[in-house]
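So the structure is just underneath, and the comments pick up after that.
Residue numbers (our numbering), protein chains in the order written: chain A, 1 to 303; chain B, 1001 to 1271.
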């Protein structure tokens, strides 16, 4: 019976298939996790060399990096800003659900609108950053439009009270189309009979939306929330392009940007690895909260 | 009626919000006069329209063709690596029973939530250690295969009917023959989705190439543009022209293959 090829004879065959991918993943995904944790407890600078010109190897320093983090105001700023960034998450869900509902049912021009809403998503964050950077200039389009309604100039990217929010707006703007697509897939998976039945029972369009559509969208909301939380915590490109150096008064410093500054401007790898470890922890907590919240039916509050 | 008018007003306003910035970018690139002289809405249109910025940008930034070349190499190379490595790895995970399979699946799943940025420090040190700093190989290698790709392909292999495999086995086909001639052709839609997904993520990748590349001629478009935006700080027309040029390939690709793009995103999110 060839069809029942004895499994043991395949012994090494699976590993031949897996080998190349596992090698890459081991080196660039698994190893960095283990090594990154270790590195966070060392002092290691890419700028420090021995007299022979070799790099001084990482030196174990225990919790010293974390003690430094504890008293580093920039680290706290970065952490706080990354947490603030999560404010994008609920807004993006509500708006993209609304947009998805608007372009769900067929009408003339529907595809054109979907395309228009999706263009920002496929555009490079650098182009987006450059463009919005100009829109937000003091003599830019945003301030001009505000002046039309009699509002004075706002330093969108130069005022420490505004800079982070302005960049969050850009992240929101760029992400809407992406979540719209996911919510459209979610809307399509709702059996039409459910909505029709509710209508036959005399429910208004509004009621159908709140009582049928939204609860049925719950799995999609859970998915989109977790994706957008993680992308909010790892935001980098927008910050780098729109407010180099972390913005006015370091007001747009985020975790990943700080990792970049410490690692690739100061080459302080041990310290940077310590920040990365905190980042991994934050992502872990955010994911865990998400899973808990959605499993316990946290959306009932608006279902 | 009122409802429908309101709906159209909202849709049009949203479309303007989504496309407006790009039209503003386009208008800036064609501007012949003063860029930021907004005294009336008419000033949003180019005052003395000219294409000259599109010529000038190649003169002032001789590396611009290199940016395109690097991006092309990275995107195509990235797609090929991802398709080959992910489908190879996914095949045994979907269709074979072997010791250690569960451990591998678990390990792969566990890393999916972890942000790549948390690995960037160690990967940078590894790349330097391998002597690959400032090479395109360095940009490609860490994302040559992704856990997402492996899972997507595994899903595709899982739904291939067992009968097909059994029939081939009856005919004495070996494991490689089955993979290449029976399985892979049946997963073509998944391969297409993965190819597009991988293409777009390489196209937009920014932080990693920014960190491992030094030589300007190796910059992909994303890093090159951000360099250009700094270097030509006040020459908005050139930066705008460069930005528009860099957008063209991906936007055209999207317009031609919207269906596949959409399938890619949906698959990408559901993992």
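Glycine residues also receive a C-beta, built at the ideal position from the N, C-alpha and C atoms.
Linking residue 254(A) to residue 1074(B) through their CA atoms gives a straight-line distance of about 28 Å.
In the DSSP assignment, residue 182(A) forms no beta bridge with any residue.
CA-to-CA, the gap between residue 235(A) and residue 192(A) works out to about 38 Å. Secondary structure in the segment 144-174 of chain A: no beta strand (DSSP E) run of 3 residues or longer lies completely within the stretch. In the DSSP assignment, no residue is bridged to residue 1181(B). Exclusion of the five residues before and after residue 133(A) leaves 242 as the residues of its chain whose Cβ lies within less than 6 Å of its Cβ.
For residue 1244(B), the uninterrupted alpha helix (DSSP H) segment begins and ends at 1236-1256. Between the alpha carbons of residue 139(A) and residue 208(A) lies a distance of about 46 Å.
The beta carbon of residue 120(A) sits closer than 8 Å to some beta carbon of chain B. From the beta-carbon of residue 132(A), the residues of chain B found nearer than 7 Å are 1021. No Cβ-Cβ contact shorter than 8 Å links residue 1115(B) with residue 278(A).
Straight through space, the alpha carbons of residue 1157(B) and residue 1239(B) are spaced by roughly 46 Å.
For residue 115(A), the C-beta contacts it makes with chain B under 9 Å involve 1254, 1255, 1258, in order along the chain. For the segment 1040-1055 of chain B, no residue has a beta-carbon sitting nearer than 7 Å to a beta-carbon of chain A. Closer than 8 Å to the CB of residue 35(A) there is at least one CB belonging to chain B.
Residue nearest to residue 1144(B) within the set 1059(B), 1211(B), 1129(B), 1080(B) is 1080(B) (criterion: CA-CA distance). Closest option to residue 1185(B), judged by alpha-carbon separation, among 1164(B), 1106(B), 1108(B): 1164(B). By the Cβ test, the segment 1175-1185 of chain B is not in contact with the segment 1057-1076 of chain B, since fewer than three Cβ pairs between them sit closer than 8 Å. Separation of residue 1250(B) and residue 1043(B) (C-alpha to C-alpha, rounded to the nearest whole angstrom) is 29 Å. By the neighbour-count criterion, in which a residue is buried when 16 or more other Cβ atoms sit within 10 angstroms of its Cβ, residue 1187(B) is buried. Short of 6 Å from the beta carbon of residue 1112(B), and not among the five residues preceding or following it, lie these beta carbons of its own chain, in chain order: 1147.
Taking 9 Å as the upper bound on Cβ-Cβ separation, chain B lies near residues 233, 234, 236, 237, 240, 241, 244 of the segment 233-253 of chain A. For the segment 98-132 of chain A, the full-length alpha helix (DSSP H) segments reaching 4 residues or more read 110-122 along the chain. At least one CB atom of chain B sits nearer than 8 Å to the CB of residue 263(A). Annotation: Cβ neighbours of residue 20(A) in chain B (cutoff 7 Å, chain order): 1085, 1088.
Residue-level contact check: residue 1144(B) touches chain A, since one or more beta carbons of chain A fall below 8 Å from its beta carbon.
In summary, no residue of the segment 69-90 of chain A has a CB separated from any CB of chain B by less than 8 Å. Counting along the chain, residue 1197(B) sits inside the alpha helix (DSSP H) bounded by residues 1188-1204. Chain-ordered, the chain B residues with CB closer than 8 Å to the CB of residue 273(A) read 1121, 1122. Secondary structure note for residue 287(A): its alpha helix (DSSP H) is the uninterrupted segment 269-295.
If you draw a 10 Å sphere on the C-beta of residue 1095(B), you find 16 or more other C-beta atoms in it, and that means buried. Look at residue 214(A): its C-beta is not under 8 Å from any C-beta on chain B.
When the Cα atoms are used, residue 1087(B) and residue 1123(B) turn out to be separated by approximately 24 Å. Taking a cut-off of 8 Å for Cβ pairs, the segment 219-236 of chain A and the segment 82-91 of chain A touch, as three or more such pairs fall below it.
Under the 8 Å Cβ criterion, the segment 176-194 of chain A counts as touching the segment 102-109 of chain A, having at least three qualifying pairs. In the three-state DSSP reduction, residue 1175(B) falls in the helix class (H, G or I).
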